[in-house]
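Reading through the structure tokens given below for one structure.
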Ligand code: UDP
Ligand code: MG
């Protein structure tokens with residue numbers, strides 16, 4: 001890779017009107033200091049606030065391109081939309097809310113180039129999030145390590161660098177419910193991670209309510225492992241064996257203590273029956289989730305639809321057309 005390899009930043013944006021100007025103001029000096037070609041691709045993921053009009057104004061910068069999606073597809077789909085038009089050799093993803101300081105970008109690039117890595121992940125030092133989020137992350141990181149068999153420690157931090165071939169292979173997957181850092185492990189050979197700073201959100205509120213968070217974690221688990229299916233299978237075997245043992249205990253007790261004792265245990269049996277029925281429904285729920293997702297893949301709907309790509313070149317062209325038509 002040439003030392004002047006172009007860098008593409010891909011930033012998903014959903015209702016970030018308070019942060020966008022500051023974001024660009026902080027990115028530009030960092031990138032200019034690196035003294036190499038770069039582009040900033042901002043993907044508007046169907047924001048309901050003023051983000052898109054602010055983004056359009058930001059295309060006065062020649063390095064900025066804005067992708068406007070038709071509706072809200074979610075952070076990972078928005079990043080994919082950005083990936084589809086990148087020009088650079090090194091692609092860096094980061095959040096728009098400035099929780100990932102852009103000042104860390106040169107360290108990521110240096111690590112990638114000096115170590116010859118395909119993917120550089122990051123670990124958030126002194127993470128500025130709620131206790132709930134941090135605890136949930138620990139659990140998810142453990143699961144992600146198990147299912148990808150890659151020993152990275154912080155899968156949730158989206159400040160990450162990928163080499164172009166890894167991104168191209170990810171795009172070729174056409175997956176709907178996916179988790180980019182985990183998908184990248186299938187396509188990158190050399191991977192590492194470095195510690196980076198983590199800040200509080202510059203403005204606005206988190207776009208991840210509990211519902212979206214659970215959905216994202218289900219994307220991670222269902223898209224990359226059959227763990228829920230396996231737990232169903234092993235749980236089922238365990239339950240059946242438990243039932244047999246329980247039957248034996250009941251039979252033996254009946255022989256020792258008499259039929260009278262066993263009849264009084266009838267309500268306990270009912271309680272156990274209800275628990276089993278509950279577990280069965282839970283199992284159907286998991287199966288249903290898989291079937292739903294298979295159905296989604298089979299339908300082959302586009303993963304995202306780009307409405308328009310804005311850039312300074314485009315606005316120059318538009319101006320030229322309007323001058324010519326006058
Ligand atoms: N985001 C997005 N689409 C969504 C939700 C989030 O593009 O449906 C973007 C958001 O604008 C931000 C990044 O994804 O740039 C991370 O979101 P957020 O900061 O709300 O998540 P948190 O830091 O709370 O996990
Ligand atoms: Mg955030």
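In the UniProt record's numbering, the protein residues as written are 1 to 326.
In this text, a Cβ means the ideal position worked out from N, Cα and C, and glycines have one as well.
- Shortest Cα-Cα distance from residue 277 to any of 265, 236 and 188 involves 236.
- For residue 86, the secondary structure class from DSSP, reduced to helix, strand or coil, is coil.
- Note on residue 118: 16 or more other CB atoms within 10 angstroms of its CB, so buried under the neighbour-count rule.
- Closest option to residue 105, judged by alpha-carbon separation, among 31, 207 and 114: 31.
- For residue 308, no alpha helix (DSSP H) run applies; the uninterrupted beta strand (DSSP E) run containing it begins and ends at 306–311, by DSSP.
- The alpha helix (DSSP H) runs of length 4 or more contained entirely in the UniProt domain "Glycosyltransferase 2-like" (8–164) are, from start to end of the chain, 20–34, 51–58, 75–83, 105–115 and 131–148.
- In this structure, the beta-carbon distance from residue 144 to residue 155 falls below 9 Å.
- Going by beta carbons, residue 13 and residue 310 fall outside the 9 Å limit.
- Its Cα nearest to that of residue 25, the residue 40 stands out among 36, 15 and 40.
- For residue 4, the shortest separation between its Cβ and any heavy atom of ligand 2 does not lie below 8 Å.
- Looking at the DSSP output, residue 191 bridges to 119.
- Residue 56 and residue 15 do not touch by the CB rule: their CB atoms are close to 16 Å apart, not below 8 Å.
- Here residue 137 has 156 as same chain residues with Cβ atoms under 6 Å from its own Cβ, once five neighbours each way along the sequence are excluded.
- Set against 8 Å, the gap from the CB of residue 126 to the closest heavy atom of ligand 2 is not smaller.
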